[in-house]
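2 protein chains.
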Amino acid sequence: MAQRDTGTEQLIKDTAKRIFFSEGKLHATTQDIADAAGVNRTLLNYYFRSRDILFEQVAAEAMAEMKAVMDSVFSAKIEFKDKLHKLIAVFMDQAMQFPYREMYVVTSLNRGDKTVPEEKKIKVKAFLKEISEEMEKGKIKKMDPRQFCMNLFALMAYPLITSCLNKSIYTVGDSEYLKLMKERKQLIFDMIYQ
Amino acid sequence: MAQRDTGTEQLIKDTAKRIFFSEGKLHATTQDIADAAGVNRTLLNYYFRSRDILFEQVAAEAMAEMKAVMDSVFSAKIEFKDKLHKLIAVFMDQAMQFPYREMYVVTSLNRGDKTVPEEKKIKVKAFLKEISEEMEKGKIKKMDPRQFCMNLFALMAYPLITSCLNKSIYTVGDSEYLKLMKERKQLIFDMIYQ
DNA sequence: TTGAACTTTAACAAAAATGTTAAACATAAT
DNA sequence: ATTATGTTTAACATTTTTGTTAAAGTTCAA
Chain A
6 MAQRDTGTEQ LIKDTAKRIF FSEGKLHATT QDIADAAGVN RTLLNYYFRS
56 RDILFEQVAA EAMAEMKAVM DSVFSAKIEF KDKLHKLIAV FMDQAMQFPY
106 REMYVVTSLN RGDKTVPEEK KIKVKAFLKE ISEEMEKGKI KKMDPRQFCM
156 NLFALMAYPL ITSCLNKSIY TVGDSEYLKL MKERKQLIFD MIYQ
Chain B
6 MAQRDTGTEQ LIKDTAKRIF FSEGKLHATT QDIADAAGVN RTLLNYYFRS
56 RDILFEQVAA EAMAEMKAVM DSVFSAKIEF KDKLHKLIAV FMDQAMQFPY
106 REMYVVTSLN RGDKTVPEEK KIKVKAFLKE ISEEMEKGKI KKMDPRQFCM
156 NLFALMAYPL ITSCLNKSIY TVGDSEYLKL MKERKQLIFD MIYQ
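As given, the protein sequences belong to chains A and B, one line each in that order.
When you read off a place in the first sequence, starting at 1, and then add 5, the result is the number in the numbering used here.
When you read off a place in the second sequence, starting at 1, and then add 5, the result is the number in the numbering used here.
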């Protein structure tokens, strides 16, 4: 029998995703999510049986999305410089939408109820190798490639995680902050390349 | 009447501080804290009346400590270069001990139940001015001083927040990671100065 | 050694969050 | 018009966490 699909199930997932990974409220209650989605709390149990299942489902989709996005960069057969440009553009766009998605990974690891897939470690190793080669060519200042990688991701992710704090201490509004973040893309590239 | 002070009240606070700000478990239960401290949960209520009061007390002390540490840097009458060195040394030592303390500030701001004190904003403004002057002198690559500031704190804080993730994807152990973090102090300085 | 402060245990109350069930209503497809 | 699906409401059960109380044991200082 054809299910009706009024989009409500997706609405709930999207809302949860926003609350968890855009607003950083990883401990929002089912009521919080229901309210934000404008539906009755019972519906969450109707569609997902439990909060845990909803959470896991949303998290899994978010991880899959991140993986897809990063794979599109890492597996691209383009020269390193362009790869770096693409990585910064893509990662920061993602981080602007879901700044706290990485933090979820971190807290999951901290609690010990997740591990990093081997596949990812392999891709990172390959990326580190590319970085080393670029250092040999003199395109990047020589250093431990892991340090380079940490620098890159720190520069991209941290200002977005702390946007609320930064807006306050630098007294800038939303639109100006957005402008600063867009400017950062080029700025980061210039900082770490050649 | 002379209180006996067996150090247990402090032990509870120190344990809570470790769980909250070193391990990043901001939502640890009173039972978690009591267990980690090796005392009966009732004692937490005996000393602090409620979880909230314990949390607030620990958070207030942590914030005061951070403020003291940062003030010792910002108000130092030394030339900018040395100030930067000192800032990196001091901030990173703190962040190595309590990597999630900043995250607590961020989540508090996100929930809207804290604000940044005006005093802090003033100090930041003064620091931004120092940065601008240093840029005029040609000691720092010219850019928006706020971007410089964000770069600096991102480079210091992020790898410590994500240490668990990094250890995993770069397959390094605790001691080697510690070494990497120590190396970062100089590396960060070299990256952003002159 | 007496007493006040410290600590544990146990039992319980209260609150918050989650999960379940049944009944009723709305709506679109057949 | 009927029916299956979607949705709400309400009431309730369960679980988790927090807070309270009383009693008993421990330890140190006066």
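Cβ coordinates follow ideal geometry from the N, Cα and C atoms, glycine included.
Note that the structure is a prediction, hence the values are computed from the model and not measured.
- Task: Identify the contact partners of residue 166 of chain A in chain B, using a Cβ-Cβ distance below 7 Å as the criterion.
- Result: 111
- Any idea what DSSP makes of residue 192 of chain A, helix, strand or coil? helix
- Please check if any C-beta of chain A sits within less than 7 Å of the C-beta of residue 115 of chain B. yes
- For residue 204 of chain A, is the classification buried or exposed, using 16 other Cβ atoms within 10 angstroms of its Cβ as the cut-off for buried? Chain A is shown from 6 up to 199; residue 204 of chain A falls before or after that span and cannot be answered.
- Query: Measuring CA to CA, which of B/158, B/106 and B/46 is closest to residue 65 of chain B?
  - Reply: B/106
- Using a Cβ-Cβ distance under 7 Å, would residue 121 of chain A count as near chain B? yes
- Query: In whole angstroms, what separates the C-alpha of residue 67 of chain A from that of residue 31 of chain A?
  - Reply: 13 Å
- Does the pairing of the segment 125-139 of chain B with the segment 74-92 of chain B give three or more beta-carbon distances under 8 Å? yes
- Message: Is it buried or exposed, residue 83 of chain A, if we count other Cβ atoms within 10 angstroms and call 16 or more buried?
- Response: exposed
- Message: Is residue 145 of chain A close to chain B? Criterion is C-beta to C-beta, closer than 7 Å.
- Response: no
- Continuous alpha helix (DSSP H) assignments of at least 4 residues falling wholly in the segment 22-107 of chain A: 35-42, 46-53, 56-79 and 85-102
- Helix, strand or coil at residue 111 of chain B according to DSSP, with G and I counted as helix: helix
- Message: In this structure, how does DSSP classify residue 175 of chain B when only helix, strand and coil are distinguished?
- Response: coil
- Message: Buried or exposed, going by whether 16 or more other CB atoms sit within 10 Å of the CB of residue 51 of chain A?
- Response: exposed
- When you check each C-beta in the segment 17-41 of chain B against every C-beta of chain A, which residues fall closer than 9 Å? 28, 29, 30, 31 and 32
- Message: For a test of the three-state rule: what should DSSP assign to residue 121 of chain B, helix, strand or coil?
- Response: coil
- Query: Just by C-beta distance, which residues in the segment 172-184 of chain B are closer than 7 Å to chain A?
  - Reply: 173, 174, 175 and 176
- Message: In chain order, what are the residue ranges of uninterrupted alpha helix (DSSP H) at least 4 long that sit wholly in the segment 126-190 of chain A?
- Response: 150-166 and 168-174
- Message: Helix, strand or coil for residue 10 of chain A? Go by DSSP, reduced to three states.
- Response: coil
- Message: Given this structure, state the Cα-to-Cα distance separating residue 26 of chain A from residue 17 of chain A, to the nearest angstrom.
- Response: 14 Å
- C-beta contact flag for residue 162 of chain A and residue 81 of chain A at 7 Å: no
- Query: Apart from the five residues on each side of it in sequence, which residues of its chain come closer than 8 Å, Cβ to Cβ, to residue 20 of chain B?
  - Reply: 38, 41 and 42
- Task: Give me the Cα-Cα distance between residue 202 of chain B and residue 36 of chain A, rounded to the nearest whole angstrom.
- Result: The shown model of chain B, from 6 to 199, leaves out residue 202 of chain B, and the question about it has no answer.
- Task: Compare the C-beta of residue 78 of chain B against all C-beta atoms of chain A and say whether one is closer than 7 Å.
- Result: no
- Task: Figure out for me which residue from B/155, B/135, B/190 and B/124 has the closest Cα to the Cα of residue 98 of chain B.
- Result: B/190
- Query: Do residue 150 of chain A and residue 136 of chain A come within 7 Å of each other at the CB atom, strictly closer than that value?
  - Reply: yes
- Item | C-alpha gap between residue 91 of chain A and residue 139 of chain B, whole angstroms | 32 Å
- Item | 7 Å Cβ cutoff, residue 74 of chain A in contact with chain B | no
- Can you find a CB in chain A that lies within less than 7 Å of the CB of residue 198 of chain B? no
- Of the residues A/198, A/197 and A/168, which one's Cα is nearest the Cα of residue 186 of chain A? A/168
- Any idea what DSSP makes of residue 199 of chain B, helix, strand or coil? coil
- Item | Rounded straight-line distance, which links the Cα of residue 142 of chain B to that of residue 114 of chain A | 45 Å
- Query: Are the beta-carbon atoms of residue 158 of chain B and residue 93 of chain B separated by less than 7 Å?
  - Reply: no
- Query: CA-CA distance, residue 197 of chain B and residue 28 of chain B?
  - Reply: 30 Å
- What's the call for residue 173 of chain B, buried or exposed, on a 16-neighbour Cβ count within 10 Å? buried
- Which bits of chain B does residue 187 of chain A rub up against, with CB to CB less than 7 Å? Going along chain B, no residue has its Cβ under 7 Å from residue 187 of chain A, so there is no contact; the nearest lies around 11 Å.
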